[in-house]
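So the structure is just underneath, and the comments pick up after that.
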Amino acid sequence: MFLAHFMGDIHQPLHVGFKDDEGGNTIVVHWYRRKTNLHHVWDTNMIETAMKDFYNKDINLMIQAIQMNITVYDSFISINTSTMST
3 MFLAHFMGDI HQPLHVGFKD DEGGNTIVVH WYRRKTNLHH VWDTNMIETA MKDFYNKDIN
63 LMIQAIQMNI TVYDSFISIN TSTMST
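Residue numbering for the sequence shown follows the working numbering, starting at 3 and increasing by one per position.
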């Protein structure tokens with residue numbers, strides 16, 4: 003849950019929004035039948051709903067799905083010196 007929350011936080015558009023809405027804490031919304039605030043939906047409700055709807059409440063399955071979607075880029079760029087002019 004921490005990793006999912008952390009990933010959501012670093013992509014949280016409400017953290018760079020308007021000061022007056024206090025990061026979405028003052029924006030009232032309904033998540034299914036529950037009245038809450040937008041920040042709580044982003045931080046908690048979306049993760050809990052995904053856990054229930056897509057991962058059968060299995061944290062290991064969710065972790066596996068996240069790991070399968072991580073792309074690793076090789077930052078090393080090799081230079082073919084045979085094509086370089088002298």
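Cβ atoms here follow ideal geometry from the backbone N, Cα and C, with glycine treated the same way.
Legend entry - First through last residue of the beta strand (DSSP E) which encompasses ASP39: To locate residue 39, count along the sequence shown from 1; it is residue 37. In the sequence as presented, Asp is not what sits at residue 39; that position holds Asn. Its beta strand (DSSP E) spans residues 36-39.
Legend entry - Environment of LEU63 [buried if 16+ CB atoms lie within 10 Å]: Numbered from 1 along the sequence shown, position 61 holds the residue referred to as residue 63. That one is exposed.
Legend entry - Close beta carbons around LYS59, own chain, < 8 Å, minus the five adjacent residues each side: Numbered from its first residue, the sequence shown carries residue 59 at position 57. MET53.
Inset, instruction - Would you kindly work out how many angstroms separate the C-alpha atoms of ALA6 and ARG35, rounded to a whole number? - result: Locating residue 6 in the sequence shown gives position 4, counting from the first residue. Locating residue 35 in the sequence shown gives position 33, counting from the first residue. Taking the straight line joining both Cα atoms gives about 23 Å.
Inset, instruction - May I ask you to list the residues that DSSP assigns as paired with HIS32? - result: For the purposes of this step, residue 32 is identified with residue 30 of the sequence shown, where counting begins at 1. In DSSP, HIS32 forms a bridge with LYS37.
Legend entry - For THR88, three-class secondary structure by DSSP: The residue labelled residue 88 in the question sits at position 86 within the sequence shown. With a pLDDT of 49 at THR88, under the threshold of 50, the predicted position of this residue should be treated as unreliable, though the coordinate-derived value follows. Reduced to three states, the DSSP call for THR88 is coil.
Inset, instruction - Report whether the distance from the Cβ of ASP55 to the nearest heavy atom of the ligand FAD is below 7 Å. - result: Looking for the ligand FAD in the displayed structure turns up nothing, as the structure carries no ligands at all.
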